[in-house]
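S.K.: Those protein sequence lines, which keep their order, are chains A and E. Going letter by letter, the first sequence gives residues 906 to 1015 in this note's numbering. Going letter by letter, the second sequence gives residues 906 to 1015 in this note's numbering. Ideal placement from N, C-alpha and C gives every residue a C-beta, glycine not left out. One structure follows; several queries about it will come next.
Number of protein chains: 2
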Amino acid sequence: MPTEREIELFKLKAEMCKTFSDYKRLLIINQLRYGEKQVGELADILKLPQAIVSRQLALLRNKGVVTPRREGINVFYRLTDEKIIEACDLVHEVLLNRLAKNREQADRYL
Amino acid sequence: MPTEREIELFKLKAEMCKTFSDYKRLLIINQLRYGEKQVGELADILKLPQAIVSRQLALLRNKGVVTPRREGINVFYRLTDEKIIEACDLVHEVLLNRLAKNREQADRYL
DNA sequence: CTCCATATATATAAATAAATATATATACAA
DNA sequence: TTGTATATATATTTATTTATATATATGGAG
């Protein structure tokens, strides 16, 4: 049985993972892979309304996933920790493995 | 701008990440770190009702995160891919970094 | 300094999805 | 058929997403 403290940590982890549970946020994170980008720039690239991008960035920001930097009228966002990309890439691999397995399974019925 | 196919992949990734966005499911995943466990065993260890554990396992199973193995009356669950643990550990590190930063920040105001 | 334009953030309401508790169903072995 | 382990259904509560509108922050012109 986990201790209270462990449970608290798992709750924090769950909250961080929750920020990865929306594809638009994953798209945003992916855009920040190679460096910082402005809010409007993200909205343009992803063809999403500014308010949506800003809202999602706020969520990511509150959970410490991204960090803003204001430069005059613009705000640049970057990933707070590069390990976030590593984690996303691992999930990508797991997903591909799973899809490959499904494919195999499907093939057996052809 | 991402392609339709890319967006589909990100949606699948988001769905998988969504399974990590609940602390009970993270507790379950953590229990499976070193090998398979039965449903009732998990319920006992985590002090959760059987129906809840079974339901959460069903979610994880549907997204390919865990795999069941029936042995008579019992069902053993294991992680489908060990990379899941690596990903969770990365999130753990990111979280610790973040907490450390907050601590630093807090210290500056003491 | 005031007014305006631009970039970003937030508030709110409506729609949608998820979690929980409780009850019930299924699967298997004796 | 009975007991044990696991799974599912449903209703209720609670949280999340989206769209729309509005607010704030900053820099520049006059």
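List the endpoints of the continuous beta strand (DSSP E) containing Tyr-928(A).
M.R.: Along the first sequence, read from residue 1 onward, the residue named residue 928(A) stands at position 23. Tyr-928(A) -> not in any beta strand (DSSP E); alpha helix (DSSP H) instead, spanning 928-936.
S.K.: Sort Tyr-982(A), Ile-978(A) and Gly-977(A) by Cα distance to Leu-971(A) and report the nearest one.
M.R.: To locate residue 971(A), count along the first sequence from 1; it is residue 66. For the record, residue 971(A) in the displayed sequence is Val; it is not Leu. The shortest Cα separation from Val-971(A) among Tyr-982(A), Ile-978(A) and Gly-977(A) belongs to Tyr-982(A).
S.K.: Going by the DSSP bridge assignment, what does Val-971(E) pair with across the sheet?
M.R.: As a working mapping, residue 971(E) is identified with position 66 in the second sequence. The partner list for Val-971(E) (beta bridge, DSSP) reads Leu-984(E).
S.K.: What separation, rounded to the nearest whole angstrom, lies between the Cα atoms of Asn-1007(A) and Asn-967(E)?
M.R.: In the first sequence, the residue the question calls residue 1007(A) occupies position 102. In the second sequence, the residue the question calls residue 967(E) occupies position 62. Whole-angstrom Cα-Cα distance: 12 Å.
S.K.: Within 10 Å of its beta-carbon, does Thr-985(A) have 16 or more other beta-carbons around it, so buried, or fewer, so exposed?
M.R.: If you number the first sequence from 1, residue 985(A) lands on position 80. The residue in question, Thr-985(A), is buried, as its Cβ has 16 or more Cβ neighbours within 10 Å.
S.K.: Does the Cβ of Tyr-928(A) have 16 or more other Cβ atoms within 10 Å, making it buried, or fewer, making it exposed?
M.R.: Residue 928(A) sits at position 23 when you count from the first residue of the first sequence. With 16 or more Cβ atoms within 10 Å of its Cβ, Tyr-928(A) is classed as buried.
S.K.: Tell me which residue opens and which closes the alpha helix (DSSP H) that Gly-945(A) is part of.
M.R.: The residue given as residue 945(A) occupies position 40 in the first sequence. 944-951 is the span of the alpha helix (DSSP H), which, as asked, contains Gly-945(A).
S.K.: Using 8 Å as the Cβ pair cut-off and three pairs as the minimum, do the stretch 926-946 of chain E and the stretch 917-936 of chain A touch?
M.R.: Verdict: yes, contact present.
S.K.: By Cβ distance, which residues of its chain are closer than 8 Å to Leu-951(A), with the 5 residues on each side in sequence left out?
M.R.: Along the first sequence, read from residue 1 onward, the residue named residue 951(A) stands at position 46. Once the five neighbours on either side are set aside, the close Cβ partners of Leu-951(A) are Lys-929, Leu-932, Ile-933, Gln-936 and Val-958.
S.K.: Residues of chain E with CB closer than 7 Å to the CB of Val-996(A), please, in chain order.
M.R.: To locate residue 996(A), count along the first sequence from 1; it is residue 91. Going along chain E in sequence order, the residues near Val-996(A) (Cβ under 7 Å) are Lys-918, Met-921, Cys-922 and Ala-992.
S.K.: With 9 Å as the limit, tell me which residues of the stretch 972-990 of chain A have their beta carbon closer than that to any beta carbon of chain E; keep them in chain order.
M.R.: Of all residues in the stretch 972-990 of chain A, Thr-985, Asp-986, Lys-988 and Ile-989 have a Cβ within less than 9 Å of some Cβ in chain E.
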